[in-house]
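In our numbering, the protein residues as written are 18 to 303.
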């Protein structure tokens, strides 16, 4: 029997907190050293250790690891004050409420995205790990099987965003959905980066966001789909917020440091998401 661990939630995304105000029930979908994913009546909730920071699905828990206390398939229940999952009991009352939503940018700040593409691409070119789609998404020739499979769809995605062609964007997104290994496949991560970039643009980008979401639905994992839906709402991780703030301040050194923080998540997820930003901004200025 698992040892009961009584833990405190440090913070949680506002939307997740609002959802858990009503009693919920579910189970653990997957668990890792630093994170555990729950399905709570259809809503994906991520329990994470503090090193993973705030995020759109996250409850940040004062813990070092989860795997000793929970396993996939364990039941979970929650009230507005406490969440129980496997051998964990997490106090929600007193947690800091964090807002994952990115505010739309005024037009003069959008130009700073374009101005700082060189910095962002430089970090990607020098430091993106192998195995993902960061290089292919930023215009490099395909050198791996994954890149070769993704390259036509990446070109179509960029072309569709440039032309505001919802059908082309949707088809490209459907091809990229679920492409690659891992909890959040590389193709999905590129699309998350595109969606978060679109969230910074005026309401005219709504059609492109809807096209991406409609293209990926039922084509990827439930956990990855939850991140895609959050990105379509403009909800981003704390690391991504820091990057956006750095771009708004137009500080190249701070931008490079924030980009590296984004890239630190997952083996390739962060770099693939950052490449999605570069792809989208390049498409809009082409």
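The beta carbon of each residue, even a glycine, is placed where N, CA and C say it ideally should be.
> Rounded to the nearest angstrom, how far is the Cβ of residue 45 from that of residue 91, given a contact under 8 Å?
Replying inline: So it is a contact: roughly 5 Å between Cβ atoms.
>> For a test of the three-state rule: what should DSSP assign to residue 158, helix, strand or coil?
In response: Correct three-state label for residue 158: coil.
>> Less than 7 Å between C-beta atoms, sequence neighbours within five positions excluded: which residues of the same chain meet that for residue 62?
In response: Taken in chain order, the residues that qualify are 33, 55, 74 and 76.
>> Can you give me the C-alpha to C-alpha distance between residue 158 and residue 66, rounded to a whole angstrom?
In response: For residue 158 and residue 66, the gap between their C-alpha atoms comes out near 37 Å.
> Quick one: Cα of residue 299 to Cα of residue 177, how far?
Replying inline: Distance from the CA of residue 299 to the CA of residue 177, rounded to the nearest whole angstrom, comes to 12 Å.
>> Quick check: what's the CA-CA separation for residue 179 versus residue 301?
In response: So the two alpha carbons sit approximately 5 Å from each other.
> Since residue 207 and residue 150 are thought to touch, with beta carbons under 8 Å apart, how far apart are those beta carbons, to the nearest angstrom?
Replying inline: About 5 Å separates the two Cβ atoms, so the contact holds.
> Excluding the five sequence neighbours on either side, which residues of its own chain have a C-beta within less than 8 Å of the C-beta of residue 70, listed in chain order?
Replying inline: Cβ within range, chain order: 77, 254, 255 and 256.
> Buried or exposed: which applies to residue 205, given that a residue is buried once 16 or more other Cβ atoms fall within 10 Å of its Cβ?
Replying inline: Classification for residue 205: buried.
> Do residue 197 and residue 167 have their CB atoms nearer than 9 Å?
Replying inline: If you check the CB distance, residue 197 and residue 167 come in under 9 Å.
> If you follow the beta strand (DSSP E) that residue 44 is part of, which residue opens it and which one closes it?
Replying inline: That run of the beta strand (DSSP E) goes 41-48.
>> Please list the terminal residues of the continuous beta strand (DSSP E) segment that includes residue 24.
In response: In the DSSP assignment, residue 24 falls within the unbroken beta strand (DSSP E) covering 22-30.
> Out of curiosity, what's the CA-to-CA distance linking residue 243 and residue 218?
Replying inline: Roughly 22 Å between the two C-alpha positions.
>> To test your reading of the DSSP string, which unbroken alpha helix (DSSP H) runs of 4 or more residues are found completely within the stretch 220-301?
In response: Restricted to the stretch 220-301, the alpha helix (DSSP H) segments that are unbroken, complete and at least 4 residues in length are 223-233, 239-249, 255-266 and 269-280, listed in chain order.
> Alpha carbon to alpha carbon, what distance is there between residue 51 and residue 238?
Replying inline: Between residue 238 and residue 51, the alpha-carbon positions lie close to 20 Å from each other.
>> Applying the 10 Å Cβ sphere with the 16-neighbour rule, what's the burial state of residue 29?
In response: Looking at its Cβ environment, which holds 16 or more other Cβ atoms inside 10 Å, residue 29 is buried.
> Do you know whose CA, among 109, 231, 263 and 99, lies nearest residue 126's CA?
Replying inline: With respect to the C-alpha of residue 126, the residue from 109, 231, 263 and 99 having the closest C-alpha is 263.
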